[in-house]
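One line per chain: the protein sequences are S, Z and B, in this order. Here the first sequence stands for residues 46 to 508, numbered as in my numbering. Here the second sequence stands for residues 230 to 535, numbered as in my numbering. Here the third sequence stands for residues 432 to 760, numbered as in my numbering. Don't be surprised by glycine CBs; every beta carbon is placed ideally from N, CA and C. Remember, predicted model here, so these are calculated numbers, not experimental data.
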Amino acid sequence: MKSKGKAMKVIRLGMTVAAVSLLAVATGSISTAATHSSQTVTISVASLIPGSTKAATQQFNNQVAEFEKANPSIKVKPVEYQWTGPTFAAKLAAGTLPTVFEVPFTDARALGDNGQLADLTAEAKALPYFSKYNKAVIAEGTDSKGQIVALPKGAYAQALHYNRKLFTQAGLDPNKPPTTWAQVEADAKQIAQKTGQAGYAEMGKDDNTAGWILTTLVYALGGRMETGTGTNATATLDNPQTVTALNMLKKMRWTDNSMGSNFDYGWSDINQAFAAGQVGMYVSGSDVYTNLVQASNINPSIYGLAPIPLAKNKNAGVLGGGTLAAVRPDANAATRAAAMKWIDFFYEQPLINKAQAIRNAKTLVASKQPVGVPALPVFDKAQYDLANTWIKPYINVPLGQMKPFTTGIFSQTLVPEPEASTQSIYHSLDAVVEAVLTDQNTDIASMLKSANSAAQSAIKQGT
Amino acid sequence: MIAFSFRRRIVRSGGEAQGLVSPADWRRPRVKWGLGFAQTLLLVWLVVIGLGPILWLAKSAITPTQDTITHPMAFFPHGFAWSNVTQAWTDVDVGRYFWNTIVIAIGSWLSQILVATTAGFALSVLRPKYAKVITGLLLTTLFVPAVVLLVPLYVEIVHPPLVHHSFIDSYWAIWLPAGASAFNVVLITRFFDNLPREIFEAARIDGCGPFRLFVSIVLPMSRPILGVVSVFALLASWKDFLWPLLVLTDPNKQPLSVRLPTIQSQTELGVFLAAMFISCLVPIVGFLIFQRSFLRGGGLGGAIKG
Amino acid sequence: MSTIDPVAAPVEKAQHAQMSKARAEAPRLRARRTPVTWARNGGLSTLLFLLPMLVIFGAFSWYPIVRTVIMSLQDTNLVQPATWVGFANFSQVIHDPQFPIAVKNTAEFALLALVFGYPIPLVAAVVMSEVRKRRGLYSALAYVPVVIPPVVAVLLWKTFYDASPTGVFNTILGWVGLGPYPWLQSQQTALPSLVLESTWANAGGTVIIYLAALTGVNHELYEAAAVDGAGLWHKVWHVTLPQLRGVLLVTMILQIIGTAQVFLEPYLFTSGGPANATLTVLLLIYNYAFGNSLGGNYGDATALSLMLAGFLAVFSLVYLRATRSWSSG
């Protein structure tokens, strides 16, 4: 998911590799405890994104079968699902979301306040591990009245993904990814000149992704997109770091000519292009590898993962976010209970229950799905490290090639996404990024000024 | 006079009528060579733009993805990739979406034919007093662009009044609104208006009720216009994108037009091109078989003056 | 959704005019007005025949039209109850900085579509109408792009427009030393690229209309002109074009009405980008209604739809007048 969020309030994280993304398998204390009614409940659940491989789909179906076996009174119907800014609202309005679906950190609170997510407070508090959740993460799924409306699926930090093969071809050391933005520029230029591929590419689509990545760059330089909270927040899209970031893009695009020739990548498109070997480096969530395998059939040997280079600025930080699982507001008590069991089984148990984590890792490995993709903890750090030791024998992702990230993220400051009107802020920035990448003479200052006023009015209206 | 114009045009195109360029003109070398050259040039141009893209798609459907990306205009530099086609069929499941497309088209067609013929019959043959009012209401809808209906129709499908059951993800959400085509009703009413009324009167005197009149006399006589309406209906359904995108969110029910863009960015280029090629095959083959009705339907605009 | 079919619509317009005439001349059955005699005289079965149309149009055409007007004056997200806001939605739309951009782009699209798509089919049709052998082949070739599903056409052209030097169009143009061009990746060329595809996809239909219209040109006029010693150009200019005047006007207005509602191309090619360079009015309506992940703004969407409809109604009226004077003349 292209999920974002004001994750774990500025915490220092020491973190290692984790098996978060798809992991699941349960029973344990919760699922055996509850209902033994003869009434069959059917729930639909978000499965994989459209266009996933047969193997990934098969693996998901195996998990469903396992869940149904443990819960004979529940029928699970998998529904393919992908959260994107422009398509979510139509599904929400149409009432066609599955019973259990996923939303990014940025949206759960507002959706909860609008009455568009089921209140899961009682069920969530009954979870035996509820107290272990990272408080900042659970806050992402809590609405303004204090009701819990969503539970964490996973958290990520933004990262730099790079193609080791292109690095080698360009005469760069694939074990030494860039650690400053100046190096990113230089490496991108070298890759573009030596290989003819895009040295550095960036999402530039009108679906909030362009703004999301620009915000990541600005954070890394020490800037922020807003100050204050709620409808009283002040938009600061035109801060000096945004100007610096855009000028850097402008230089790479127009002077160095190192960004290739396609600038309208969305989240999936850029993954596809990267897997096809057309992109040297790009920024996306640290857990993207799962999708690169499931939808793009990436050759693991080309993959490299590094932390986002941070500027020497005390505010510089890495943008982090995450995904939450939520339930439709019209679910009745029985359905809600069944949905919670699925959330427990599919999203939470693999992170907290040793037996389930191992079983889950085994089924993933059996169908060649990734185990061990780097993410961030949704419980505490100790639990996270512990879970990683459980699944260690099954990890099948190229951990060695992810080492720059898994060691580097230790020392980085994690900064949550803009809190008020996140998606609207991103959307206002989309056009600015597109303009810089598609018109050499873009007036950055004036574009930023109008983006800032658009964002400010969205904040005021709470949209 | 639509009925007559058909006949007249058929006679014309079969006969040796003289056109813009007279036999005398043809004998002048400048006309002969100039026009001949223009026609040949046009033919080449039509082949390039009409067939070119399809042939490229056919070639790329069986070319390895990397070759298509790096040398899009080369002919199989590294052999074939038949796996694209099999993958498009099994993984992308093109067959299923094709079937959905056809089901949607047939349902929309039926609904349009039913509404248009019954209404046309009532307005033109039975002619109740209030026909004028209804025709007026029908004609006003012709001036309302489709976009105006988009949001309220969507809301209505999601929260229908009276029936408290969402029609989202049901084909009825496409079939039923498709029937509301004032254009079809007008076209058919016009056609019925021009059928000889003496036949109806004679049938009525023989004790033929309105239902028999409709089924045994009027419908059989209206085959030409039904053909034209059918072509319009099928083409329109084939082309529709935005409406099915909004009301069919269940991937198992979507037509090709909705499914293809959804999976594009997650599907390997070669496989995706193969899927697109398969999607083109049926309409093109159908067009080649039913060329005459297509082109006659499309050229109906020319019949207005007749 | 019923859309105005640019191919189909010319006929129907001409027909209303004549239909009312035919109706007036027709004899009417007179019946005494009691419910029983009404039913006995077939009033009931008439109603029965009208029923499908009344139900379908009532539910999916007349009711939604009224509903649009109501929604444009309300604030609603379908979850909380709607509130009346007067013309606030309209003023919000007008003050949206994206509104003038969308209007400008739509106008530019319509204009470019006329420049690209208007003269070429006419010239092609005139040349084709004089083809003596295999005329069917010509029209079939011209019509092939029309039968390709539009979504496939757009996605295929998106591949053609790949901006890298190894893109399809850039490779072909490279053979003659041109390019590479950015196509969809530049604010200057994105919109014309969309128009180019749209012209390719639709020109065949227009050619067929013109071809049919050309067969309807009164042949005696040609013969008379020939007797007067008129040359080929003279005949084209003084006979063919004036005779096609009506069809030309109608296709032009229909094309404007169609392009004013263009959605597929900007949505699938560029989602309105880069930097709003291809944001059209209909795409803006779609974004208002469905583009925000926190819920739709149906008020603004319906307000803008009504504004567009009002604008198009002007064209429709011109169109009606044109077809009327032309079909009676």
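### Task
Just tell me which of T709(B), G726(B), L748(B), F721(B) has its CA closest to the CA of Q529(B).
For Q529(B), the closest C-alpha among the options T709(B), G726(B), L748(B), F721(B) is that of T709(B).
### Task
Report the residue ranges of all alpha helix (DSSP H) runs contained in full by the region 627-665 of chain B; include only those spanning at least 4 residues, in chain order.
Entirely contained in the region 627-665 of chain B, the alpha helix (DSSP H) runs reaching 4 residues are, in chain order, 650-658.
### Message
Quick test of your reading: L455(Z) and L572(B), contact by CB under 8 Å. State the CB separation rounded to the nearest angstrom.
### Response
At roughly 28 Å, the Cβ-Cβ gap does not stay under 8 Å, so L455(Z) and L572(B) are not in contact.
### Message
Quick check on T335(S) - is its C-beta less than 8 Å from some C-beta in chain Z?
### Response
Any Cβ of chain Z closer than 8 Å to the Cβ of T335(S) would place that residue at the interface, and such an atom is absent.
### Query
What are the residues of the region 302-318 of chain S that lie near chain Z, defined by any Cβ-Cβ distance shorter than 7 Å?
Going along the region 302-318 of chain S in chain order, one finds G311, S313, D314, Q317 with a Cβ nearer than 7 Å to chain Z.
### Proximal residues to N707(B) (C-beta, below 7 Å), its chain only, five neighbours per side dropped
Excluding positions up to five away in sequence, the list reads Q529, I532.
### Task
Would you kindly report the start and end of the unbroken beta strand (DSSP E) that includes H206(S)?
195-208 is the extent of the beta strand (DSSP E) around H206(S).
### Message
Below 9 Å on C-beta distance, what does L482(S) contact in chain B?
### Response
Neighbours of L482(S) on chain B, chain order: Q616, P705, A706.
### Message
The beta strand (DSSP E) that contains T87(S), what's its start and end?
### Response
Counted as a single uninterrupted DSSP element, the beta strand (DSSP E) harbouring T87(S) occupies residues 86-91.
#### Entry: Cutoff 8 Å: E247(S) Cβ touching any chain Z Cβ
No, E247(S) lies away from the interface with chain Z (no Cβ there is under 8 Å from its Cβ).
### Task
Can you grab the Cα-Cα spacing for the pair K180(S) / E247(S), in whole Å?
Cα to Cα, K180(S) sits roughly 33 Å from E247(S).
### Query
Nearest to I579(B) by alpha carbon, out of P473(Z), S312(Z), S486(Z)?
Among P473(Z), S312(Z), S486(Z), the Cα nearest to that of I579(B) belongs to S486(Z).
### Task
Verify the CB distance criterion: does E479(S) have a CB-CB separation below 8 Å to chain B?
Nearest CB-CB separation between E479(S) and chain B: below the 8 Å threshold.
### Query
Residues of chain Z with a CB under 9 Å from the CB of L739(B): which are they?
Here the neighbours are P374, V376, V377.
### Query
What are the boundary residues of the alpha helix (DSSP H) that includes F694(B)?
DSSP places F694(B) in no alpha helix (DSSP H); its state is neither H nor E.
### 8 Å Cβ cutoff, L67(S) in contact with chain Z
Here L67(S) scores only 27 on pLDDT, less than 50, and its place in the model should not be relied on; the value that follows carries that caveat. At a cut-off of 8 Å, the C-beta of L67(S) has no neighbouring C-beta in chain Z.
### Query
Closest Cβ-Cβ distance between E125(S) and chain Z: below 8 Å?
At a cut-off of 8 Å between beta-carbon atoms, E125(S) makes contact with chain Z.
### Message
With the cut-off set at 8 Å, would you say E271(S) and T261(S) are in Cβ contact?
### Response
It is not a contact, given that the beta carbons lie outside the stated cut-off.
### Task
Determine the extent of the beta strand (DSSP E) in which T368(S) is found, giving its start and end residues.
Membership of T368(S) in the beta strand (DSSP E) is indicated by the continuous run 363-372.
#### Entry: Three-state secondary structure assigned by DSSP to L743(B)
In the three-state reduction of the DSSP assignment, L743(B) falls in the helix class.
### Beta-carbon proximity of N159(S) to G726(B), cut-off 8 Å
At a Cβ-Cβ threshold of 8 Å, N159(S) and G726(B) count as neighbours.
### Task
Find the nearest neighbour of V288(S) within the set Y264(S), T276(S), A278(S), judged by alpha-carbon distance.
For the residues Y264(S), T276(S), A278(S), the minimum Cα distance to V288(S) belongs to Y264(S).
### Query
Ends of the beta strand (DSSP E) at L396(S)?
No beta strand (DSSP E) holds L396(S); the alpha helix (DSSP H) holding it covers 394-397.
### Task
Determine the closest residue to L337(S) out of I88(S), S89(S), P352(S), S97(S), with distance taken between C-alpha atoms.
Checked all of I88(S), S89(S), P352(S), S97(S); the closest Cα to L337(S) is S97(S).
### Task
Classify I515(S) as helix, strand or coil using the three-state DSSP reduction.
It is not possible to answer for residue 515(S), since the shown part of chain S is limited to 46 through 508.
### Beta-carbon proximity of V363(S) to L444(S), cut-off 8 Å
With contacts defined by Cβ atoms closer than 8 Å, V363(S) and L444(S) do not form a contacting pair.
### Task
Answer with buried or exposed for Q84(S), where buried requires no fewer than 16 other C-beta atoms within 10 angstroms of its C-beta.
Exposed is the label assigned to Q84(S), since fewer than 16 other Cβ atoms lie within 10 Å of its Cβ.
### Neighbourhood of T102(S) by C-beta distance below 7 Å, restricted to the same chain and skipping five residues each side
Once the five neighbours on either side are set aside, the close Cβ partners of T102(S) are L93.
### Query
Under 8 Å between C-beta atoms, does G722(B) make it to chain S?
Interface residue, yes.
### Query
Is D332(S) closer than 8 Å to V418(S) when the C-beta atoms are compared?
Yes, Cβ-Cβ distance for V418(S) and D332(S) is below 8 Å.
### Query
For D254(Z) and chain B, any beta-carbon pair shorter than 8 Å?
It does: the Cβ of D254(Z) has a partner Cβ on chain B nearer than 8 Å.
### Task
Just mark K386(S) as buried or exposed, buried being the case when its beta carbon has 16 or more other beta carbons within 10 Å.
So K386(S) counts as buried.
#### Entry: 8 Å Cβ cut-off: residues of chain B touching S508(Z)
Within 8 Å Cβ-Cβ: P580, V583.
### the region 463-481 of chain Z contacting the region 328-345 of chain Z, beta-carbon criterion three pairs below 8 Å
Yes, since at least three Cβ pairs between the region 463-481 of chain Z and the region 328-345 of chain Z fall closer than 8 Å, the two stretches touch.
### Beta-carbon proximity check, A556(B) vs Q686(B), cutoff 8 Å
With a cutoff of 8 Å on beta-carbon distance, A556(B) and Q686(B) are scored as not near each other.
### Task
Establish whether the CB of L713(B) and some CB of chain Z are separated by less than 8 Å.
Chain Z contact via Cβ: present.
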